[in-house]
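So the protein sequences, as listed, match chains L and H. Counted from 1, the first sequence has number 183 at position 183 by our numbering; the numbering is strictly sequential. To convert, take the position in the second sequence, counting from 1, and add 1000; that gives our numbering.
Number of protein chains: 2
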Amino acid sequence: MKTRTPRERRQERTRHDILTAAIDIIAEDGADQLSLREIARRIDYSPAALYRHFDSKEAIVDAVCNEANRRLGDSLAVVPETLPPVEYLIELGMAYLRFADENPQHFHFIATWQIPMPPDVTREDIEQAADNPDDPFSRLYRGIQRGIDAGKLHVRPGYGALEMAFSVWALAHGMAVLQTQRLGRMPIDFPAANRQAFADFITGMGSA
Amino acid sequence: MKTRTPRERRQERTRHDILTAAIDIIAEDGADQLSLREIARRIDYSPAALYRHFDSKEAIVDAVCNEANRRLGDSLAVVPETLPPVEYLIELGMAYLRFADENPQHFHFIATWQIPMPPDVTREDIEQAADNPDDPFSRLYRGIQRGIDAGKLHVRPGYGALEMAFSVWALAHGMAVLQTQRLGRMPIDFPAANRQAFADFITGMGSA
DNA sequence: ATAATATGTGAACACTGTTCACAATTTGAA
DNA sequence: TTCAAATTGTGAACAGTGTTCACATATTAT
């Protein structure tokens, strides 16, 4: 049964309207202006009606986060995987920063919101999840492994692909947070400096 | 006139009580449980009374942020400045991460809250502020400069001490954010991995 | 003693997320 | 077609939030 009933289609459409309204509010007025009443106002529903489609505001915010994460994946997808490993990792980081710069509200939202982690994540889980072609972290993870395979990144005891991926992610994330929220007005040519920082970090990870 | 009037002493004490209550609430129940009414309840005032001492909740939060920043400065101060530059920078980063790990609520608060930056910051401003011995960023900045002077860090066109300090700060900040809020349950030996990442980054910044 | 200032309060306002009894609609089956 | 069941939307209410304001009290300075 691939085709859905009218009711399910309407339900899906309403869910979509709610999320679209939420995303618009965030983009226009910022995340702290997001309220159930404002969402309801925009889509001509009563505030209580939202509870027929989402369990809570938190559920709506989670859905918005997932959508933002999907868009981040799209932004990272433009980096061609045919690039040599080192260049690929640098461009991946730059794409991450571009996303944060062009969608500051959404990025701040992602960066701020508490995402509960599944309590136990094993290395096997991560290996398997790495197959997901669109997941942002998986993209980075595969890029790191290509760098290792090409001999450009140097594995050390207790410091393998996962640790490298985490560290590079942390560098990019920290840059994005500081630039969008805090130190963005410093007299720095951020794109140039960021590119150099990525290059230095990857160089350091490749030294014997 | 160094000695203050009784009224000023009471005023100062009340301000201190308010901030202490706010910090306690954050430490005990988390930043989202911080409300003026709960602060007032704890110090036996009416909510309206807080407005005789602070302009708004935001003003209270700003003061808490400053206090948290001061404590961060204390945590960084334990790293002896007599260490060789590279080791000093690594230990400074580790101290930053230790602070975030041991005061997750306060760190999340600092990391989350929007601090408005003075609109224009010049290099001269930063050079002067670098004299402040206790400011966390200044500490890092001076450590970077020691590394440069010792020939351990390699200055490039458009990538000097300020850019290096910003990048190292970003790496540490990103690690702290991800570990305390997001990926802390990954199967990684974080202290060891973080140390290696700092070392790699600094190595990379020293390569010709 | 008196006028000026500072400090604290209760009540109210406009918000927020959430719940709930109730009505209207849509659905699936007899 | 009829009828019961499930779904969807609503207004009202509740407890909570930050904030304001007229009013009373207490402290200071003249």
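The beta-carbon is built from N, C-alpha and C at its ideal position, and this holds for glycine as well. Since the structure is predicted, the reported quantities are computational estimates derived from the model, not experimental observations.
- Assignment of beta-bridge partners to L:ARG156 by DSSP yields L:TYR159.
- In the structure shown, L:MET205 falls within a helical segment according to DSSP collapsed to helix, strand and coil.
- Taking C-beta atoms as the reference points, L:ALA68 and L:ILE110 count as a pair closer than 9 Å.
- Rounded to the nearest whole angstrom, the C-alpha separation of H:PRO1085 and L:PRO104 is 35 Å.
- Cβ contact annotation for L:TYR88 (same chain, cutoff 6 Å, sequence separation greater than five): GLY143, in chain order.
- In this structure L:LEU72 touches L:PHE99 by the C-beta definition: roughly 5 Å separates them, less than 8 Å.
- When Cβ-Cβ separations below 9 Å define contact, H:ASN1194 makes contact with chain L.
- Listed along chain H, the residues sitting closer than 9 Å to L:GLY174 by beta-carbon distance are SER1167, TRP1169, ALA1170, LEU1171, ALA1172, HIS1173, GLY1174, MET1175, ALA1176, VAL1177, LEU1178.
- H:ASN1066 counts as exposed, since fewer than 16 other C-beta atoms from the protein chains shown sit within 10 angstroms of its C-beta.
- For H:GLU1087, the three-state secondary structure derived from DSSP is helix.
- Not a single C-beta of chain H is nearer than 9 Å to the C-beta of L:LEU72.
- Between L:ILE126 and chain H, the shortest Cβ-Cβ separation is below 9 Å.
- Leaving aside the five residues that flank L:GLN145 on each side, the residues in its chain whose CB is nearer than 6 Å to its CB run, in chain order, ALA161.
- Pairing H:ALA1199 with L:GLY206 gives a Cβ-Cβ distance that is not under 9 Å.
- Contact between H:ALA1193 and L:TYR159 holds: their C-beta atoms lie close to 6 Å from each other, under 8 Å.
- The Cβ of H:TYR1088 sits no closer than 9 Å to any Cβ of chain L.
- L:GLY73 sits in a helix when the DSSP states are folded into three classes.
- With 16 or more other Cβ atoms inside 10 Å of its own Cβ, H:GLY1174 counts as buried.
- Cβ-Cβ separation between L:LEU36 and L:PRO47: approximately 5 Å, consistent with a contact (criterion under 8 Å).
- The C-alpha of H:ALA1031 is placed about 34 Å away from the C-alpha of H:GLU1127.
- With contacts defined as CB atoms closer than 9 Å, L:PHE166 and H:LEU1183 qualify as a contacting pair.
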